[in-house]
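Here's the structure, in structure tokens; my notes come after.
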Amino acid sequence: MKPARFLLPLSTFLLRVGVAFFIYVMYFHQVLDFNFEQLQFYLSSLFSIFGILLVIGVFAKRHTLTVLSALILFLLSLYEVFTFTGNWFTINFSANLFMALIALFFLCYGDRNR
Numbered sequence: 000m001k002p003a004r005f006l007l008p009l010s011t012f013l014l015r016v017g018v019a020f021f022i023y024v025m026y027f028h029q030v031l032d033f034n035f036e037q038l039q040f041y042l043s044s045l046f047s048i049f050g051i052l053l054v055i056g057v058f059a060k061r062h063t064l065t066v067l068s069a070l071i072l073f074l075l076s077l078y079e080v081f082t083f084t085g086n087w088f089t090i091n092f093s094a095n096l097f098m099a100l101i102a103l104f105f106l107c108y109g110d111r112n113r
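Residue numbers (numbering that gives the first Met the number 0): 0 to 113.
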């Protein structure tokens, strides 16, 4: 059975929307707290900004916005993975790991589906 290549643009767009939804659920409430003294506020702000830019990158003519936002999201996710305290067999750890993998996908893949 052959892969459904015609669904590739839709699937990558839905993957971007999934990243934005994940960031909204995990980090956006910390941005709304406006606690400038905590590092998590700044990390959450960066996640939120570059998550939105990843979704907007699908409408740009070049790959630059997608690749740059994916690079920042990948680095932030790696930071979250490496500084994770607690049990590795939890939903939070696996969600951060999958976020890093999805950001790596967009970092390597860009917007080639156009």
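Just so you know, even glycine gets a beta-carbon here, dropped at the ideal spot from N, CA and C.
Rounded straight-line distance, which links the Cα of residue j to that of residue i
i	j	result
Asn86	Ala94	13 Å
Phe12	Met98	15 Å
Leu103	Thr65	11 Å
His28	Phe92	19 Å
Val16	Ser10	10 Å
Tyr26	Phe81	17 Å
Asn34	Phe40	6 Å
Leu45	Thr63	17 Å
Asp32	Leu74	23 Å
Gln37	Glu79	15 Å
Phe88	Leu96	11 Å
Lys1	Tyr108	21 Å
N- and C-terminal bounds of the alpha helix (DSSP H) containing residue i
i	result
Leu70	63-81
Thr11	7-31
Ala94	90-108
Phe49	38-55
Best match in the options for proximity to residue i [C-alpha to C-alpha]
i	options	result
Leu72	Glu36, Leu42, Lys1	Leu42
Ala69	Pro2, Tyr26, Asp110, Phe5	Asp110
Ser76	Leu106, Lys1, Leu6	Leu106
Leu7	Asp32, Val57, Glu36	Val57
Val54	Glu36, Leu14, Leu96	Leu14
Is it a yes or a no for the segment 46-55 touching the segment 17-31, going by three-plus beta-carbon pairs under 8 Å?
Yes: the two stretches touch, three or more of their Cβ pairs being nearer than 8 Å.
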